[in-house]
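Novice: Residue 1500 in the numbering used here sits at position 231 of the sequence shown, with consecutive numbering throughout. Even for Gly, the Cβ is constructed at its ideal location relative to N, Cα and C.
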Amino acid sequence: MVDGANTQACKRVPMETIAASFSAMPEIATKLFSFYASLQAFIVLIRTMINELIPDKIRTNVLSKLQTYWFAPPFSQLTLLIEEDHGMTPNEIYDATQAYLDTKISPFIERLKVGKTPRDNNLNVTIAEGQVVPDSFENIKLKWVLGTKRDDDGFDSTFELSFDKKYKEIVLQSYLPHIMARANDLKVTDKVLKLYSRSHTQRGGDDSYDYTGDWGFITLKHPATFDTMAMDPELKKAIIDDLNRFVARKEYYKRVGKPWKRGYLLYGPPGTGKSSLIAAMANYLKFDIYHLELNSIRSDNELKQILVSTTSKSMIVIEDIDCNAETRDRGDFLDLYEPTIAKLTLSGILNFTDGLWSSCGEQRIIVFTTNHKDRLAPALLRPGRMDMHIYMSYCTYDGFKTLASNYLGVTDHPLFGEIETLLKNTEVSPAEIGEELMRSDDADVALGGLVEFINRKKIEGNRMEGRENDDEHEVSAEVSGEE
């Protein structure tokens, strides 16, 4: 009986407990509801504070990072490596990316590289190594990082682009072409022209150099334009028309099966403006200049490597080519280095100008200059190598008027007629006239000094001509006496 009573008591305890629990439910519910209401109010308060105090861009970046690290599926990221060089040539995607990311510098960037050369008016600010630059394209989140890669030649800069791999086709087919197009637009509007030359180190204590093959550059700020060039107006117009026709004929060159390049030969006496014309052409076309010294090249293969390392829309300039031609009409074109080194040959030069290797790149102009056209090998002069021959003559009257306007700001003067007559019978270079006009800001004084200078040049020329005639007479007399 005792056991039965205890069992019944045990059965009654849970029922009492449950009853008590039910009686407490309203109180528990009230407390839970109160806690939930308080939590909701706290969340609303926090959200309001975040919206009021934290800018939208920071909130978006924070949420994006949280989603990337907490909610992104594992191994979904794809990274593209964009190196500075692509094979033997500069990587155009790398150059375009560099220009594009410079427009993405924001107050939130933490690492920047700053530099300035003596020729720069402003600081050059770019992305520093290790800096992460976020970007978006068609609602795709992308991340850029500038890094370096070591190879046999040293360190090369690289860009790494990371994104969700499911967007690979969009990135390759749309985003990267968008960057290329944007970079081209920036070049047209904000391009700073560059003058490239090959880097070199001096050997020992002599005056010779070893060239490393790398291109160094400075900013090109030459003031020459076609408006300031002292040359025949018809020749000036012919050059401008030829340049315009060249840059506009991409499809034409493709249709006829020719590389999109053009060669110019500038020849004439020293001081007639050959270098200024090169600068005027570069400024007109917005083309960078690669200044090449043939003396520094030791083999045909090295010349090929130099050619492919230049960019499209550029000018390759070889000045005073006749001075480099030690054996101009024979096989060996240069003989300026040790005999154990393979020489640059005339054949190598010809292939450089119109061979298979000349087709590397587009919109490329090759300019040769010489003071003595007659010294060049005839094979160099034919069309396809030097397409347009431009004679830079001694100063004409039209050229003088351009110089007078540039230097003195005058378009007419009583001495102009006398100067016109003198220039028809006297060989004076534009450089010489410019030097005389710089001697005074007063037009009367400067032009009067120029008249005296040209008269002296005329007298000296007559004396030289007389001496030459006397020498010819003496030679004729000697020959007659022998007979």
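What three-state label does DSSP hand Ser1426 in the structure shown?
Specialist: Locating residue 1426 in the sequence shown gives position 157, where the first residue counts as 1. Correct three-state label for Ser1426: strand.
Novice: So, do the region 1656 to 1669 and the region 1686 to 1695 have three or more beta carbon pairs nearer to each other than 8 Å?
Specialist: In short, these stretches touch, since the Cβ pair count reaches three.
Novice: If you compare alpha carbons, which of Glu1588, Arg1654, Cys1592 and Pro1699 is closest to Gly1617?
Specialist: In the sequence shown, counting from the first residue as 1, residue 1617 sits at position 348. Ranking the options by Cα distance to Gly1617, first place goes to Arg1654.
Novice: Can you check whether the CB of Thr1395 is closer than 8 Å to the CB of Lys1412?
Specialist: Counting from 1 along the sequence shown, the entry for residue 1412 is found at position 143. Counting from 1 along the sequence shown, the entry for residue 1395 is found at position 126. No.
Novice: Measure the alpha-carbon distance for Gly1532 versus Asp1483 and round it to whole angstroms.
Specialist: Start at 1 with the first residue of the sequence shown, and residue 1532 comes out as number 263. Start at 1 with the first residue of the sequence shown, and residue 1483 comes out as number 214. When rounded, the distance between both Cα atoms is 24 Å.
Novice: Check whether the region 1539 to 1554 touches the region 1504 to 1514, counting contact only when three or more Cβ pairs, one atom from each stretch, lie closer than 8 Å.
Specialist: Contact between the region 1539 to 1554 and the region 1504 to 1514 is present, because at least three Cβ pairs lie under 8 Å.
Novice: If you drop the 5 nearest sequence neighbours on each side, which residues of the same chain put their C-beta closer than 8 Å to that of Lys1385?
Specialist: On the sequence shown, residue 1385 is found 116 positions in, with the first residue counted as 1. So the qualifying residues of the chain are Asn1391, Leu1392 and Asn1393.
Novice: Going residue by residue through the region 1619 to 1644, where are the continuous beta strand (DSSP E) segments of at least 3 residues, counting only ones entirely within it?
Specialist: If we require 3 residues or more, the beta strand (DSSP E) runs fully inside the region 1619 to 1644 come out as 1633 to 1639.
Novice: Identify whether Ile1723 lies in helix, strand or coil by the three-state DSSP scheme.
Specialist: Along the sequence shown, read from residue 1 onward, the residue named residue 1723 stands at position 454. The answer is helix: DSSP assigns Ile1723 an H, G or I state.
Novice: To the nearest angstrom, report how far apart Ser1709 and Thr1671 are at their CA atoms.
Specialist: Residue 1709 sits at position 440 when you count from the first residue of the sequence shown. Residue 1671 sits at position 402 when you count from the first residue of the sequence shown. Roughly 17 Å between the two C-alpha positions.
Novice: Can you list, in chain order, the residues of its chain with a C-beta nearer than 6 Å to that of Gln1367? Leave out the 5 residues immediately preceding and following it.
Specialist: Counting from one through the sequence shown, the residue named residue 1367 turns up at place 98. Nothing meets the Cβ criterion.
Novice: Alpha carbons only, please: which of Ile1702, Ser1662, Ile1634 and Ile1659 is nearest the one belonging to Ser1674?
Specialist: Counting from one through the sequence shown, the residue named residue 1674 turns up at place 405. Taking only the C-alpha atoms, the option nearest Ser1674 is Ile1702.
Novice: Would you check if there are 3 or more beta carbon pairs closer than 8 Å linking the region 1313 to 1327 to the region 1395 to 1405?
Specialist: Segments in contact, no.
Novice: Check for me: the alpha helix (DSSP H) holding Glu1361 runs from which residue to which?
Specialist: The residue given as residue 1361 occupies position 92 in the sequence shown. Segment Glu1361 to Asp1371, the alpha helix (DSSP H) holding Glu1361.
Novice: Contact check, His1658 vs Tyr1536 under 8 Å by CB: the rounded distance?
Specialist: Reading the sequence shown from its first residue, position 389 is the one you call residue 1658. Reading the sequence shown from its first residue, position 267 is the one you call residue 1536. Indeed, because the Cβ distance is near 7 Å, the residues count as touching under 8 Å.
Novice: Is DSSP giving Arg1518 helix, strand or coil here?
Specialist: The residue labelled residue 1518 in the question sits at position 249 within the sequence shown. Note: Arg1518 maps to coil in three-state DSSP.
Novice: Over what stretch of residues does the alpha helix (DSSP H) that includes Gly1668 continue unbroken?
Specialist: The count along the sequence shown starts at 1 and reaches residue 1668 at position 399. Per DSSP, Gly1668 belongs to the alpha helix (DSSP H) from Tyr1666 to Leu1677.
Novice: So, for Ser1628: in the same chain, excluding its five sequence neighbours on each side, which residues have a beta-carbon less than 6 Å away from its beta-carbon?
Specialist: In the sequence shown, counting from the first residue as 1, residue 1628 sits at position 359. For Ser1628, where only same-chain residues beyond five positions count, the Cβ hits under 6 Å are Pro1528.
Novice: Could you say which of Gln1400, Ala1452 and Arg1316 lies nearest to Asp1364 if we only look at CA atoms?
Specialist: To locate residue 1364, count along the sequence shown from 1; it is residue 95. Closest option to Asp1364, Cα to Cα, is Ala1452.
Novice: Name the two residues that bound the continuous beta strand (DSSP E) containing Ile1753.
Specialist: Only positions 1270 to 1752 of the chain appear in this structure, which leaves residue 1753 out of reach.
Novice: Between Arg1644 and Ser1662, what straight-line distance do the alpha-carbon atoms span, to the nearest angstrom?
Specialist: Along the sequence shown, one-based indexing puts residue 1644 at 375. Along the sequence shown, one-based indexing puts residue 1662 at 393. One C-alpha to the other measures close to 18 Å.
Novice: Mind the definition here: the region 1559 to 1568 touches the region 1496 to 1506 only if three or more C-beta pairs lie below 8 Å; say whether that holds.
Specialist: In short, these stretches do not touch, since the Cβ pair count stays below three.
Novice: If you drop the 5 nearest sequence neighbours on each side, which residues of the same chain put their C-beta closer than 8 Å to that of Gln1400?
Specialist: Position 131 of the sequence shown, counting from 1, holds the residue named residue 1400. Closer than 8 Å at the Cβ level, and outside the excluded window around Gln1400, lie Ile1378, Glu1379, Arg1380, Leu1381, Val1414 and Leu1415.
Novice: Looking only at DSSP bridge pairs, what is Arg1467 linked to?
Specialist: Translated into the one-based positions of the sequence shown, residue 1467 becomes position 198. Arg1467 pairs with Trp1484.
Novice: Buried or exposed, going by whether 16 or more other CB atoms sit within 10 Å of the CB of Ile1635?
Specialist: Position 366 of the sequence shown holds residue 1635. It is buried - the Cβ of Ile1635 has at least 16 other Cβ atoms within 10 Å.
Novice: Report the rounded CA-to-CA distance for Arg1524 versus Arg1518, giving the unit in angstroms.
Specialist: Taking the sequence shown and counting its residues from 1, the one referred to as residue 1524 is at position 255. Taking the sequence shown and counting its residues from 1, the one referred to as residue 1518 is at position 249. If you take the alpha carbons of Arg1524 and Arg1518, they lie about 10 Å apart.
Novice: What is the C-beta distance between Leu1613 and Ile1566, in whole angstroms, given that I count them as a contact (C-beta under 8 Å)?
Specialist: Along the sequence shown, read from residue 1 onward, the residue named residue 1613 stands at position 344. Along the sequence shown, read from residue 1 onward, the residue named residue 1566 stands at position 297. Confirmed, about 5 Å.
Novice: Using 10 angstroms around the beta-carbon of Phe1515, count the other beta-carbons present and answer buried if the total reaches 16, otherwise exposed.
Specialist: The residue given as residue 1515 occupies position 246 in the sequence shown. By the neighbour-count rule (16 or more Cβ atoms within 10 Å), Phe1515 is buried.
Novice: Hey, quick one: how far does the beta strand (DSSP E) through Lys1382 stretch, first residue to last?
Specialist: Locating residue 1382 in the sequence shown gives position 113, where the first residue counts as 1. Counting along the chain, the beta strand (DSSP E) containing Lys1382 begins and ends at Leu1381 to Gly1384.
Novice: Compute the beta-carbon to beta-carbon distance between Pro1699 and Gly1542, rounded to the nearest angstrom, for a pair I have assumed lies under 8 Å.
Specialist: Stepping through the sequence shown from its first residue, residue 1699 is reached at position 430. Stepping through the sequence shown from its first residue, residue 1542 is reached at position 273. So it is a contact: roughly 5 Å between Cβ atoms.
Novice: So, with DSSP's three-state summary, where would you put Glu1352?
Specialist: Taking the first residue of the sequence shown as position 1, residue 1352 is located at position 83. Strand, per DSSP.
Novice: Just tell me which of Ala1397, Pro1387 and Pro1359 has its CA closest to the CA of Lys1373.
Specialist: Locating residue 1373 in the sequence shown gives position 104, counting from the first residue. It is Ala1397.
Novice: Quick test of your reading: Thr1358 and Ser1583, contact by CB under 8 Å. State the CB separation rounded to the nearest angstrom.
Specialist: Position 89 of the sequence shown, counted from the start, is the residue given in the question as residue 1358. Position 314 of the sequence shown, counted from the start, is the residue given in the question as residue 1583. In fact, because the Cβ distance is near 12 Å, the residues do not count as touching under 8 Å.
Novice: For Glu1729, count the other beta carbons within 10 Å of its own beta carbon; 16 or more makes it buried, fewer makes it exposed. Which is it?
Specialist: Taking the sequence shown and counting its residues from 1, the one referred to as residue 1729 is at position 460. Exposed: under 16 other Cβ atoms inside 10 Å.
Novice: Could you name the residues that DSSP lists as bridge partners for Gly1416?
Specialist: By one-based count along the sequence shown, residue 1416 stands at place 147. Thr1427, per the DSSP bridge assignment.
Novice: Quick one: using the 10 Å Cβ neighbour count with 16 as the cut-off for buried, is Gln1442 buried or exposed?
Specialist: For the purposes of this step, residue 1442 is identified with residue 173 of the sequence shown, where counting begins at 1. It counts as exposed.
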